[in-house]
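Just below is one structure, and these are the notes that go with it.
What follows is the structure, given as structure tokens:
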């Protein structure tokens, strides 16, 4: 089992609701001119709803009581006009608010994606991709459902609530006070339920992230699960995570189920209070029947927005928990930054030097220990050794995915910490053991590192990589669409296309990581020939467990426990009869 990722661990920290909400609302800044227009429409819609009970009460006292039918008809027309105007304003408000919120959410998604793209490799080495996908998709979707679809309704009800309270106090101060006696109880109830709900909804967002990770990992490793007879265990683990998410959601629903009846009870209490005290005032002549009627209508209107807001409250709590998780990702520190005075890397000649380099992924746990190496321009350096020896770590340091703990990595005599990461990596090509191809055409995949490459340049790169003939045999040639990860190609074909991708970039330094492993003999010959062409006149670092593929290297460096224990050409190391010679003899015998 993996240890908790930095994101999951950060969720254990205490959080506050208002700072989160305030920061989220900060996304409204670019739309500050549109917000007053939207709020004005909200106010008009709310005012029209608040005016209705007053007109009804006034009509009872001044028209119905006096038998003024003509005036009553005119009042009905006025009421219809008021409500139609209010409905029109509400419709315009929903459209305007929706326009603003959807742009806000689009900016939020963009910020998340940009942040993820700019995070250091160390972050992804420690984080679970399923949890990241949950934040990018599920959490933003929750925010969209809460704010994107109901924010206009929420604002309308808040304004209606304010209008009703003002109208109550203007019509009759004493009845207004009685009607609002339940407000402190309502605030206390809401505060308590909010505190409990936030904790539970935070757990639901965390468990859905863990569930997403589990689903992604298990679907992508179905073959391995079946081969290692792990299907039952995977199902059991999924059931446990699914049950945890179910229980978290049940707890959240239980909070909601307790909250809504509490609001209904307060509504009944307020109605009873107005009926009792209003009836007393009417009997004693201190208030009219129309006034009491208006107040009864206002009490019903008063709690209708509260009931609607309480339903939104459930969504809002879940959304705020999702926003918290999103901001945790956006606040993740960029562990590797360009120096303030970093320069662009000049055109690389290809000299690579490690000077007393030590490095550890974790404090006080060195993976490389005082490594020294020197590659001349155009040389091919083979890195061999057991798994975990430090070969890939050397590659990571050349690419500056990490900074050294001590010592220096220099290219052409320049410490790579003094140049921008983009200008460095732009001149380094990478061909991995399992390269990723993307949904798109063959040509787009080859041009991944040079999107503006011409068709002629793409085809020339494919010819160097020995894949042009295969591509032209496809139904649409270079315009053939590939499935996700190039799943409709063999591993060898994907590898040849990856080599073509590297050829097109024309890197000054090339890195090959197990580039000929797990492919058939015929394809391996094509791949090896393509690699030999790619290695020509550029400095190259080759990681290979199959030592027969590195016999032509200018230097073979044997890495063991984070140190270079042997170095020389293949012939020299065989003559020494050391670790490399023994490994080579074992592989030769096994073959």
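In my numbering, the protein residues as written are 2 to 592.
Built from N, CA and C at the ideal position, the CB exists for glycine as well.
Evaluate residue i with the Cβ neighbour count: other Cβ atoms within 10 Å of its Cβ, from every protein chain shown; 16 or more gives buried, anything less gives exposed.
i           : result
residue 15  : A caution first: residue 15 carries a pLDDT of 38, below 50, which makes its placement in the model too unreliable to give a value.
residue 207 : buried
residue 114 : exposed
residue 403 : buried
residue 513 : buried
residue 338 : exposed
residue 398 : buried
residue 74  : exposed
residue 423 : exposed
residue 284 : exposed
residue 211 : buried
residue 390 : buried
residue 246 : buried
residue 538 : exposed
residue 510 : buried
Measuring alpha carbon to alpha carbon, tell me which of the options ends up nearest residue i.
i           : options               : result
residue 300 : 321, 318 and 265      : 265
residue 421 : 344, 463 and 38       : 344
residue 542 : 468, 465, 429 and 499 : 429
residue 35  : 63, 471, 104 and 56   : 104
residue 515 : 509, 492 and 506      : 492
residue 353 : 495, 413, 75 and 578  : 413
residue 427 : 581, 25, 503 and 274  : 503
residue 466 : 455, 507, 484 and 99  : 507
residue 267 : 256, 325, 297 and 184 : 184
residue 435 : 495, 193, 290 and 282 : 495
residue 313 : 378, 145, 296 and 203 : 145
residue 550 : 527, 561 and 562      : 527
residue 340 : 298, 307 and 416      : 416
residue 166 : 86, 72, 54 and 316    : 54
residue 380 : 393, 359 and 558      : 558
residue 271 : 249, 441, 220 and 182 : 182
residue 136 : 26, 326 and 235       : 326
residue 350 : 139, 425, 356 and 293 : 425
residue 395 : 455, 535 and 562      : 562
residue 346 : 372, 579, 375 and 419 : 419
residue 200 : 322, 302 and 178      : 322
residue 573 : 588, 482, 256 and 553 : 553
residue 30  : 43, 118, 101 and 119  : 101
Helix, strand or coil for residue i? Go by DSSP, reduced to three states.
i           : result
residue 237 : helix
residue 4   : A caution first: residue 4 carries a pLDDT of 49, below 50, which makes its placement in the model too unreliable to give a value.
residue 573 : helix
residue 91  : helix
residue 208 : helix
residue 285 : coil
residue 300 : helix
residue 409 : strand
residue 126 : helix
residue 559 : strand
residue 86  : helix
residue 177 : helix
residue 144 : helix
residue 274 : helix
residue 564 : strand
So residue i packs on residue j, CB below 8 Å; how close in whole Å?
i           : j           : result
residue 173 : residue 288 : 6 Å
residue 116 : residue 431 : Not quite, the Cβ-Cβ distance comes to about 23 Å (not below 8 Å), so this is no contact.
residue 51  : residue 161 : 6 Å
residue 111 : residue 46  : That pair is no contact at about 31 Å.
residue 69  : residue 310 : Going by Cβ atoms, the distance from residue 69 to residue 310 rounds to 38 Å, so no, they are not a contact pair.
residue 565 : residue 532 : Contact doesn't hold; Cβ gap of about 23 Å is too wide.
residue 49  : residue 81  : The Cβ separation is near 11 Å, so there is no contact.
residue 446 : residue 438 : 5 Å
residue 320 : residue 39  : Actually they do not touch by this definition, with Cβ atoms about 19 Å apart.
residue 275 : residue 297 : 6 Å
residue 556 : residue 409 : At roughly 20 Å, the Cβ-Cβ gap does not stay under 8 Å, so residue 556 and residue 409 are not in contact.
residue 328 : residue 24  : 6 Å
residue 152 : residue 98  : 6 Å
Does the Cβ of residue i lie closer than 7 Å to at least one heavy atom of the ligand HEM?
i           : result
residue 491 : Because no ligand of any kind appears in the structure shown, any question about the ligand HEM cannot be addressed here.
Inset, instruction - Entirely within the stretch 421-463 and at least 4 residues each: give me those alpha helix (DSSP H) ranges in chain order. - result: Here the runs fully enclosed are 422-426 and 443-447.
Legend entry - Within the stretch 470-548, ranges of the beta strand (DSSP E) (whole runs, at least 3 residues): Listed in chain order, the complete beta strand (DSSP E) runs (minimum 3 residues) inside the stretch 470-548 are 510-514 and 540-544.
Inset, instruction - Could I get the ranges of all uninterrupted beta strand (DSSP E) runs contained in the stretch 324-404, with 3 residues as the minimum, in chain order? - result: If we require 3 residues or more, the beta strand (DSSP E) runs fully inside the stretch 324-404 come out as 353-360, 369-376 and 381-385.
Legend entry - Runs of alpha helix (DSSP H) lying entirely within the stretch 34-72, each at least 4 residues, in chain order: Entirely contained in the stretch 34-72, the alpha helix (DSSP H) runs reaching 4 residues are, in chain order, 35-60.
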